[in-house]
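In what follows, a structure is listed as structure tokens, so that the remarks can point back to it.
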Amino acid sequence: MKCVMTRGIYLRANGNLPCYCGNGCVKTLGKIVNEKEANNFAKLHYFGNNFQYIRDCMEKEIVPFPGICEQCVYLEVDSPTESEKLHQEIDWLHWEPSYLCNLDCQWCSGEKQRRKEQRNTVLQFEIFQAIIDSLSQNNLKLNKGNVCGQGEPTLNKNVWKMIQYVKQKLKGDILISTNGNTPFLPEIVTCGLDKIKIAIDGITQEKYNEYRKNGSLDKILKLTKQIVEYKKEIGSKSPIIIWQYIIFNYNSSKEELLEFQNMAFDYGVDMIRVVYTKASNYSKQRANDFPVIFPNILIEEYNRKGRIPIDELYERQSIIEQLMTKNELKRSSIDTLKLLNICYNKLFLGVETYNEQLEFTKKISRVKTGSLSKNDYIEIVNFMNSAYQNLINIYFEMGFGDQADKYQTYLNQLTIEMD
Ligand SMILES: C[S@@+](CC[C@H](N)C(=O)[O-])C[C@H]1O[C@@H](n2cnc3c(N)ncnc32)[C@H](O)[C@@H]1O
Ligand code: SF4
Ligand code: SF4
Numbered sequence: 458m459k460c461v462m463t464r465g466i467y468l469r470a471n472g473n474l475p476c477y478c479g480n481g482c483v484k485t486l487g488k489i490v491n492e493k494e495a496n497n498f499a500k501l502h503y504f505g506n507n508f509q510y511i512r513d514c515m516e517k518e519i520v521p522f523p524g525i526c527e528q529c530v531y532l533e534v535d536s537p538t539e540s541e542k543l544h545q546e547i548d549w550l551h552w553e554p555s556y557l558c559n560l561d562c563q564w565c566s567g568e569k570q571r572r573k574e575q576r577n578t579v580l581q582f583e584i585f586q587a588i589i590d591s592l593s594q595n596n597l598k599l600n601k602g603n604v605c606g607q608g609e610p611t612l613n614k615n616v617w618k619m620i621q622y623v624k625q626k627l628k629g630d631i632l633i634s635t636n637g638n639t640p641f642l643p644e645i646v647t648c649g650l651d652k653i654k655i656a657i658d659g660i661t662q663e664k665y666n667e668y669r670k671n672g673s674l675d676k677i678l679k680l681t682k683q684i685v686e687y688k689k690e691i692g693s694k695s696p697i698i699i700w701q702y703i704i705f706n707y708n709s710s711k712e713e714l715l716e717f718q719n720m721a722f723d724y725g726v727d728m729i730r731v732v733y734t735k736a737s738n739y740s741k742q743r744a745n746d747f748p749v750i751f752p753n754i755l756i757e758e759y760n761r762k763g764r765i766p767i768d769e770l771y772e773r774q775s776i777i778e779q780l781m782t783k784n785e786l787k788r789s790s791i792d793t794l795k796l797l798n799i800c801y802n803k804l805f806l807g808v809e810t811y812n813e814q815l816e817f818t819k820k821i822s823r824v825k826t827g828s829l830s831k832n833d834y835i836e837i838v839n840f841m842n843s844a845y846q847n848l849i850n851i852y853f854e855m856g857f858g859d860q861a862d863k864y865q866t867y868l869n870q871l872t873i874e875m876d
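Here the sequence shown stands for residues 458 to 876, where the numbers follow this note's numbering.
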């Protein structure tokens, strides 16, 4: 079993080191408070107790945070933990250069208040450098780097220097996600960055502004043009330019989607990434309806697992019961975790905002029924109750009493409130 955290690091602008659970950072594994601590990052954190706890659990094929990991899109129950790579390669380093933003998108609005409250909102270069040094001194290399978070990374003036430093010390394939409302700098091309993902969710300023409040489409187009030109000028193939388009109900007519792809051609964009969302005004279209003309396009449909029919839950449950009868306890526990993951994904279909999602994660008590019928909602929650009960029995039989107790505590708190 593994997840992004078995060989991953998520560093936030204020020094927090959360576990990267897909529904919000509800578990914190540590905090970098000063440079001295950053100098010892590998020993104190990456190889330290809290990070190691996750790996130990995954190795035993149990989840580290019962009731939270089942909700997480990054849990891979069937993949090997790959502990042998621990001292060689960090799979994933995600850092948040800035918690500030120059835009005001609705899905992010829950963050606005916290953003105001945060004083230390920009990751300090010296701290970052010390962390990278500490990892490099431990002979670690990097597989993938992800530069973003809950703010706009380019608002940290050192972001390009940070990327350059990581490339120099740890290597890795580095992607930055930006809203693109930033002036062009030659460093964007020369710092070693591999990919730049620019959020552009409309083909006119009016449509673009619906979601990206305070944003300017012109600035994005200008930035794209200048990166393309400068790459040509110095003969660089990188960074690969990705335009990301979030599909809402107001920007997804066939004409607009075709026009968007034509624009990407005209501007010399390398790739398009299409994202379906559950933020307000989300599109109910399915990914199959997307009219593709651009050669390099990735379509990420929202929550495919949530669309698995309820009947399939019963089929899966009956297979688990057969496994339990044959005393195949480990397999049945793993299949139960997968089943719970599908149940959560079905409930997430009824979650409409980022804040609701956070609330749901911390206190599974209430979701709007949204696209789920009331009966479906009740059926799924009842189903989850019995799946958790099974898991408790399985873990007791396997000799994992602590784990069973954690699930029992979680289950005791699981309350259902309907609108
Ligand atoms: C919180 S943003 C931070 C990076 C940058 N400020 C930006 O907006 O691109 C991280 C990623 O979430 C994406 N995002 C923003 N709103 C979203 C939504 N409603 N649904 C899905 N992805 C969203 C952004 O486009 C970006 O790729
Ligand atoms: S599976 Fe669990 S430990 Fe791993 S990222 Fe998700 S919530 Fe965190
Ligand atoms: S630009 Fe990015 S960080 Fe800023 S408000 Fe929008 S989604 Fe959030």
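For every residue, glycine included, the Cβ atom is placed at its ideal position computed from N, Cα and C. As the structure is a prediction and not an experimental result, all values here were calculated from the model.
Pairing residue 472 with residue 748, the inter-Cα distance amounts to about 43 Å. Every unbroken stretch of the alpha helix (DSSP H) spanning 4 or more residues and falling wholly within the segment 628 to 699 is given here in chain order: 644 to 647, 662 to 668, 674 to 691. With contacts defined by Cβ atoms closer than 7 Å, residue 702 and residue 667 do not form a contacting pair. Counting C-beta pairs with one atom in each stretch, the segment 630 to 644 and the segment 594 to 611 have three or more that are closer than 8 Å, which means they touch. Inside the segment 524 to 558, DSSP marks whole beta strand (DSSP E) runs of 3 or more residues at positions 546 to 552, from first to last along the chain.
Here the alpha carbons of residue 650 and residue 610 stand approximately 13 Å from one another. In terms of Cβ geometry, residue 750 and residue 718 form a close pair [threshold 7 Å]. Assignment of residue 720 by DSSP, reduced to helix, strand and coil, places it in the helix class. Nearest to residue 712 by C-alpha distance, out of 758, 661, 727, is 661. DSSP, reduced to helix, strand and coil, places residue 765 outside both helices and strands of the structure shown, so it counts as coil.
Ranked by Cα distance from residue 601, the options 535, 592, 550 are led by 550. Here the alpha carbon of residue 704 sits roughly 26 Å from the alpha carbon of residue 833. Look at residue 467 here: in three-state DSSP terms it is strand.
The straight-line gap separating the alpha-carbon atoms of residue 691 and residue 671 is approximately 33 Å. In the three-state DSSP reduction, residue 757 falls in the strand class (E or B). When rounded, the separation of the alpha-carbon atoms in residue 772 and residue 845 is 17 Å. Checking the DSSP bridge columns, you'll see residue 598 partnered with 546. Its chain contains 470, 554, 555, 556, 557, 612, 613 as the residues whose beta carbon lies nearer than 8 Å to that of residue 579, once the 5 sequence neighbours on both sides are disregarded; these appear in chain order. Annotation for residue 463: 511, 512, 515, 538 place their beta carbon closer than 7 Å to its own, counting only its chain and skipping 5 residues before and after. Here DSSP, grouped into helix, strand and coil, assigns residue 786 to helix. With distances taken between CA atoms, residue 474 lies nearest to 501 out of 598, 501, 493, 459.
Residue 488 sits away from residue 522, with the two beta carbons spaced by 7 Å or more. Boundaries cannot be given for residue 497, as no alpha helix (DSSP H) includes it and DSSP labels it neither H nor E. Residue 498 has its Cβ no nearer than 6 Å to any heavy atom of ligand 2.
Distance from the CA of residue 767 to the CA of residue 760, rounded to the nearest whole angstrom, comes to 15 Å.
Chain order is used for the residues whose beta-carbon lies nearer than 7 Å to a heavy atom of ligand 2, namely 460, 461, 462, 476, 477, 478, 479, 484, 511, 520, 521, 522, 525, 526, 529, 531, 532. Burial check for residue 869: the Cβ neighbour count within 10 Å stays below 16, so the residue is exposed. Per DSSP, residue 462 is not a residue of any alpha helix (DSSP H), being assigned neither H nor E. A distance criterion of 6 Å places the beta-carbon of residue 609 in contact range of ligand 3, judged by its closest non-hydrogen atom.
For residue 838, the enclosing alpha helix (DSSP H) begins and ends at 831 to 855. For residue 704, the beta-bridge partners assigned by DSSP are 733. The C-beta of residue 755 has fewer than 16 other C-beta atoms within 10 Å across all chains shown, which makes the residue exposed.
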